[in-house]
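So the structure is just underneath, and the comments pick up after that.
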Amino acid sequence: MSSDFALMRAGEGLRRMAHEAAERTRRPPPAPPEPGEPASPRRRALYWTGGVLAALVLAVTALLLFADWNMLRGPIGRYASARMHREVDITGDLKVHPWSLSPSATADGIRIGAPAWAGPKPMARIDRLAVQIRILPLLRGQVDLMLVQADRPDVDLRRDARGRATWDFSDGRKPQQPLRLPPIRKFVINDGRLRLVDEKRHLVFSGTIRASETLGAANRGFELTGQGALNQEPFHMQVTGGPLLNIDRNRPYPFDADIRAGATYVTAKGSVTKPFDLGRLSMNATARGPDLADLYDLTGVALPNTPPYRLSARFAREGTRYRFEGLTGRVGDTDLTGRLAVDTAGGRPKLTAGLVSRSLDFDDLAAVFGGAPKAGPGETASPQQAAVGRRMAAQQRLLPDATLKVERLRAMDADVDYRAQSVHDAPVALRSGSVKLKLDHGVLTADPLAFELPRGRIAGSVRLDARKATPVTDLDLRISNARLEQFVPVRTGGAPLTGALAGRVKLHGAGDSVHRAAAAAGGQVTLVVPGGQIRKAFAELMGVNVVKGLGLLWSKDQDTTPIRCAVADFRAVNGVLTADHMVFDTGPVVATGSGTVNLATERIDIRLKGHPKKFRIGRLNAPITVEGPITAPKVGLETGGVVAQGGVAAALGSVLSPLAAILPFVDPGLAKDAACGALIAEAGRDGAPVKTARR
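If you number the sequence shown the way my numbering does, the last residue is 724 and the count never jumps.
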């Protein structure tokens, strides 16, 4: 650093003198004055100029030969301090050897201070720094270093929770640019020490750095290695390369990297495209670990929670832009391919990505919301996720309580397109899915979000506003052009219910987890069946006509009767969905009911009564109940008749899952047809897309 300054000043003076001398040689010399003739003022000026230039040349020569170079330590330190925005001192000897086409200099005891906010401890100390430079390129304005040798450098780096870094020399006035050193033909580091405390990334690291002149079994040439802790998990890093000798600025410098943070492993084999320009890197990288979200502390990029993953990509850095091309691998039991890029030019990272899965395992999405994917045979889950799954199953819980890390959503922006060409292991038959995610200053939107059914689709949007202390979630989904039989799981026999299905779910809730937001939700859930068919056996059982219903069921009678309409409308207040009026109108029976679904306790409590339209013998005067945890509700009768209750419940349960039994069953008596037109029109006003439903 000091030699650069002195040599540049000397070179500038020599270049000026050479230019002026060349100008004089191009001009014809003035004719000497005649004897006895006085010299003209112009000639006297030329004489004086020549004499001054000669004196300057002699003075510079004498300075280079006899000057005490230590006198320049102060000016050099002040110049460097102004450029680096912190105190820089040379406390030892400064020696310069100028008489060569490759002059050199050494400086002992270099001390680089830290910014005021980081305290009095210096950022770096170097026992001795030796530099050799080529003079001819320097005269053309190019810096070409023949040698840089640092003996026992001791570097102490810090970044606080606000993101201020001691290695940022911009003084906060402009974004920090990647480190770009001039070409160095021979770079030697002897016994270097590096320490890093990064409060923003929760990283503590201590290591050694060496760059020797030879490459062998006991000496790797260049090596940075050390360990510490990342988020209280063990951290290890090793970067190795060949000797930094005979470096060609037009030939990439190769290196290998191995990083381990807890159960996360990152390996890379790459190169510095132009040596010592760390703004241009490329590498083939592989990462694996239990959760993609764990990469945040390594990369600063907020990624979603996921099951265990293994991904590979071609990584390239071009200044402030980072690209991952040819991304491929698996996340849980879902394959993933695509591209990803991060741009930090504005000081705020922005992620853009286009990702595709040939086959999405639907239960892998549970991890995104803080839940757990399935942990049975053939399923992929981390030990922590498996433990979460066991705990939620024991508590008969569906909605996860994992706290959302809102500070990560506020720290970056994103624009992501994702498409699943097929979907398996979903609770209903899904063919494919897609979503466009956008994150803008703490507001995350999934719009449009769509899942294609064999017939129909589920589509809408989700918005999460994390700008305030308590995040707010808005959910708006529509079921359109769907079929009822796609949502009614059947255990045995053919589909007991068929017909068109439409619906809308619109909820708004505040909370920093899925469960807490649902427990505070308000809004509306509307489901409509504008028409269809139901097996007569089930229609009779809905009227609790045990004799005829069980007879038709046990005879495996497949005759059907029309479903004129069915409407269920739930209003949500403080996490409790209440249905004051549910209607299911079939040929022989009109069913009505009411009840609640409590999202805070995750329990369901619904009472249903059937009203036969004709006189029936053997009908029980007892409402059907659907109650218990949302994950496993039970169907029963409010009666002490064990035989009757057991018969009806067993009959329904033998063909339908418990959730499918949430059909508006009815009271005893002669009932009239329901006003289906008015009910469906009202559902349409509430947002259910009934006009597009197909029969």
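Each residue gets a CB set at the ideal place from its N, CA and C atoms; glycine is no exception.
Quick one: residues in its chain with C-beta nearer than 6 Å to the C-beta of Pro319, no 5 flanking neighbours on either side, listed in chain order? Cβ-Cβ distances below 6 Å link Pro319 to Ala292, Pro337 and Ser411 in the same chain, with the five nearest sequence neighbours on each side left out; the list follows chain order.
What are the uninterrupted segments assigned as alpha helix (DSSP H) that are 4 or more residues long and contained completely in the stretch 422 to 488, given in chain order? 435 to 439
With DSSP as the reference, identify every bridge partner of Arg533, one or two as the case may be. Arg507 and Thr555
On the three-pair Cβ rule with 8 Å, is the stretch 301 to 310 touching the stretch 322 to 341? no
Pro652, buried or exposed, once every other Cβ within 10 Å from all chains shown has been counted against 16: buried
May I have the straight-line CA-CA distance separating Pro333 from Ala322, to the nearest angstrom? 5 Å
Tell me the DSSP secondary structure of Val172 in three-state form. coil
For Leu482, which option in Val491, Phe516 and His470 has the closest C-alpha, if you only look at C-alpha atoms? Phe516
Contained beta strand (DSSP E) runs [length at least 3] in the stretch 370 to 402, N- to C-terminal order: With a minimum length of 3 residues, the continuous beta strand (DSSP E) runs that stay inside the stretch 370 to 402 are 379 to 386.
Quick check: the Cα distance between Gly676 and Val655, rounded to an integer number of angstroms? No answer about Gly676 holds up, because its pLDDT of 49 lies below 50 and its placement is not dependable.
Does the beta-carbon of Thr615 have 16 or more other beta-carbons within 10 angstroms, so that it is buried, or is it exposed? Residue burial is scored here from C-beta neighbours: Thr615 has at least 16 other C-beta atoms within 10 angstroms and is therefore classed as buried.
Which runs of the beta strand (DSSP E) fall wholly inside the stretch 119 to 148 and span at least 3 residues, in chain order? List check, beta strand (DSSP E) in window: 123 to 126 and 133 to 141.
Beta-carbon contacts of Gly367 that lie in its chain and below 7 Å, excluding the five residues immediately before and after: Leu356, Ala382, Gly383, Leu384 and Val385
What first and last residue would you give for the alpha helix (DSSP H) that runs through Gly622? That residue, Gly622, is in no alpha helix (DSSP H); its beta strand (DSSP E) goes Val618 to Asn627.
Rounded Cβ spacing between Gly657 and Ile633 (contact assumed at less than 8 Å): 7 Å
Residue from Val602, Gly538 and Ala401 whose Cα sits closest to the Cα of Arg426: Ala401
Measuring only the C-alpha atoms, how far is Ser133 from Ile164? 10 Å
Coarse secondary structure for His544, derived from DSSP in three states: helix
Considering Arg326, what are the terminal residues of the alpha helix (DSSP H) in which it resides? The sequence shown places Asp at residue 326, not Arg. Per DSSP, Asp326 belongs to the alpha helix (DSSP H) from Tyr325 to Thr328.
Roughly how many angstroms separate the alpha carbons of Val268 and Lys465, rounded to a whole number? 37 Å
Rounded straight-line distance, which links the Cα of Ala620 to that of Ala595: 9 Å
Closer than 8 Å is the cut-off here; do at least three beta carbon pairs connect the stretch 278 to 297 with the stretch 218 to 225? no
Taking the beta strand (DSSP E) that Arg289 belongs to, which residues open and close that run? Tyr282 to Ala290
May I ask you to report which of helix, strand or coil DSSP gives Arg2? Residue 2 lies beyond the stretch modelled for the chain, which goes from 30 to 724, so this question has no answer here.
Determine whether the beta carbon atoms of Ala479 and Ser509 lie at a separation below 8 Å. no
Thinking Ile659 and Val626 are a contact (beta carbons under 8 Å), I'd like their distance in whole angstroms, please. 7 Å
Using three-state DSSP, classify Ala273 as helix, strand or coil. Sequence check: residue 273 is Leu here, not Ala. In the structure shown, Leu273 sits in coil (DSSP, three-state: anything other than H, G, I, E or B).
Out of Val543, Gly604 and Ala529, state which residue places its alpha-carbon closest to the alpha-carbon of Val554. Gly604
C-beta atoms of Phe398 and Val452 nearer than 8 Å: No, the Cβ-Cβ distance between Phe398 and Val452 is not below 8 Å.
Verify whether the separation of the beta carbon atoms of Ala342 and Ala314 is less than 8 Å. yes
Buried or exposed, going by whether 16 or more other CB atoms sit within 10 Å of the CB of Leu130? exposed
In terms of DSSP beta bridges, what is Arg516 paired with? According to the sequence as given, residue 516 is Phe; it is not Arg. Paired residues: none, contrary to the question.
Whole angstroms is fine: what's the gap from Leu526's alpha carbon to Thr499's? Computed Cα separation, rounded: 43 Å.
Selected residue, minimal CA-CA separation from Ala316, among Val295, Asp476, Ala449 and Leu324: Val295
Can you give me the start and stop residues for the beta strand (DSSP E) that Met611 sits inside? In this chain, the beta strand (DSSP E) harbouring Met611 covers Val605 to Thr615.
Contact defined as beta carbons within less than 8 Å: I believe Ala331 pairs with Arg437. What is the distance between those atoms, to the nearest angstrom? 4 Å
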